[in-house]
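Numbering (the UniProt record's numbering), first residue to last: 1 to 570.
Quick reminder that beta carbons are idealized off the backbone N, C-alpha and C, glycines included.
What follows is a set of notes on a single structure, which appears directly below.
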């Protein structure tokens, strides 16, 4: 680009004058402007170039994806056409085999009657199916939930004994599926039995041709129409209850199994099937049901959705069932699942109070469940070489050991923490003093009750003797002796020992006991007590733990009622 011409200055004589500084500055400014325009054009060209390159790459990738899908559709279409041709050719053979089976069933029914009390589980199932007793069959299955594995193995051959297996199965589950019609109040959930029977019906309804098998269930037209009506009824009932997300897992599972068993899946219901599969993906049969319901083209999206929800373990199961384990590598997914479960457990433990140990126990249980599920998945998928189990098993053992120690600590804390009996005393309800932990019936100890006390201060001499120097026994004119077999005599002259403190006058009293001068009571002030006469009620009561002094006889074993002197007060 040519630089702009700078006009030369002309003086009066026609000679060119020198160029001024303003003209030079204007020229350089114009050059800078042109340079900025060039840079802007270059940048725009580069951006357009990158944009078109991105569009070309996107179109190429989409073209490859469409080409790959077209090849897959062509291959699937070819397999479907081949299957249809094989089915068409095998119709006559299948019909003949079915008729032969019916003839054999009829012959066996005429030749020998089935025993009412069939011995084994298989014989009982065959007997019920041979008689087409659907109600008794369902009751038989529902009553043996603990034998589910044995039922799962024995029901398919038993259902083949039915004249019409499709009708028999639908009649058997009609009281529970699609709507529970039983008249019982709070009936037990028996959807698991429906799932078990519907699963067993798949091989029973399969085509006798071994090359076709379960791909073409032999369901009569009337039975297929009835199965479609049952499926619609279930969908309407679920929508009235708030949608499939609020349905019980066994009920939703029974619906999908019903649709797959009788081959009544509809293309417009595939979004519904996918919602149910994703909502209950943790159930073991869901990956297989997803393929049976025609969701094979959406398995990639389902697996990605499960990974996004943090359900990596379910995603691994779906990937193996769909043959996508190379695209979704299982080992990284399992490690991510363990890390997420550990983080969630630690977060719950930090945010909740662990004073009672309940939340800590729940977090440990969640982590243990995650570890066990991952270990089982590794065993089932034969991934020990890629993901060793030693660390997982060690971590599981540590958690179980910590759980056991926590239980021991909580049990010891609830029992007081020591094996020695707790020395607890109950304070009186009126705020009075507590009795001593252990108080023996000593001659110089005065027991203090925790019950309300009298206001008077009690000072009673010991019961060993109140004799005066001039007499040796407490005798009255009508009584010559006051003695009992254990107590040989009360005539020992000994005065009350006031030369030492007579124990504590009152429990928790901070004042020191008063030291009194020795004194004795004259004989005429001592009342005469007859033999066996009960002692009058004292002004304070003694609890039963201190020998029952307040109620007389039960505290002594000599069979004689002791007589006590009247208490003295001051």
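By the beta-carbon neighbour count (other beta carbons within 10 angstroms, threshold 16), residue 216 is buried. Residues of the same chain with a CB within less than 8 Å of the CB of residue 305, apart from the 5 flanking positions on each side, are 278 in chain order. Setting aside the 5 residues that flank it on each side, residue 250 is surrounded in the same chain by 189, 191, 192, 195, each with a C-beta closer than 7 Å to its C-beta; the list follows chain order.
Taking a contact to require three or more Cβ pairs closer than 8 Å, the segment 160-171 and the segment 128-138 qualify as touching.
Boundaries for residue 282: no alpha helix (DSSP H) harbours it, and the DSSP string shows neither H nor E there.
Using a Cβ-Cβ distance cut-off of 8 Å, the segment 260-267 and the segment 232-242 are not in contact, since fewer than three pairs of beta carbons, one from each stretch, lie closer than that value. Within 10 angstroms of the beta-carbon of residue 393 lie fewer than 16 other beta-carbons, which makes it exposed.
Cα atoms of residue 239 and residue 245: separation of roughly 10 Å, rounded to the nearest angstrom.
As the crow flies, the alpha-carbon of residue 212 is around 21 Å from that of residue 74. Across the structure, residue 81 and residue 90 are spaced so that their CA atoms are roughly 14 Å apart. Approximately 7 Å separates the beta-carbon atoms of residue 223 and residue 170; this is inside 8 Å, confirming the contact. Annotation for residue 143: no alpha helix (DSSP H) segment contains it, and DSSP assigns it neither H nor E. Here residue 292 is not near residue 322, since their CB atoms are 8 Å or more apart. In this structure, residue 125 places its C-beta atom within 8 Å of the C-beta atom of residue 154.
Of the residues 294, 366, 381, the one whose Cα lies closest to the Cα of residue 319 is 381. Counting only residues of its own chain and dropping the five nearest sequence neighbours on each side, residue 150 has a CB closer than 7 Å to the CB of 121.
Boundaries of the alpha helix (DSSP H) around residue 170: 165-173. DSSP, reduced to helix, strand and coil, places residue 244 within a helical segment of the structure shown. Assignment of residue 368 by DSSP, reduced to helix, strand and coil, places it in the helix class.
In the three-state DSSP reduction, residue 129 falls in the helix class (H, G or I). Exclusion of the five residues before and after residue 176 leaves 190, 194 as the residues of its chain whose Cβ lies within less than 6 Å of its Cβ. By the C-beta density criterion, residue 258 is buried, having at least 16 other C-beta atoms within 10 angstroms. The closest CA to that of residue 344, considering only 297, 366, 32, 143, is found on 366. Nearest to residue 182 by alpha-carbon distance, out of 139, 33, 72, 68, is 139. In this structure, residue 337 lies away from residue 371, with their beta-carbon atoms at least 8 Å apart.
In the three-state reduction of the DSSP assignment, residue 82 falls in the helix class, which pools H, G and I.
Counting along the chain, residue 194 sits inside the alpha helix (DSSP H) bounded by residues 191-205.
Look at residue 346 here: in three-state DSSP terms it is helix. DSSP places residue 329 outside both helix and strand once states are collapsed to three, so it counts as coil. Cβ-Cβ distances below 7 Å link residue 200 to 152, 155, 156, 159 in the same chain, with the five nearest sequence neighbours on each side left out; the list follows chain order.
A straight line joining the alpha-carbon of residue 208 with that of residue 104 spans about 15 Å.
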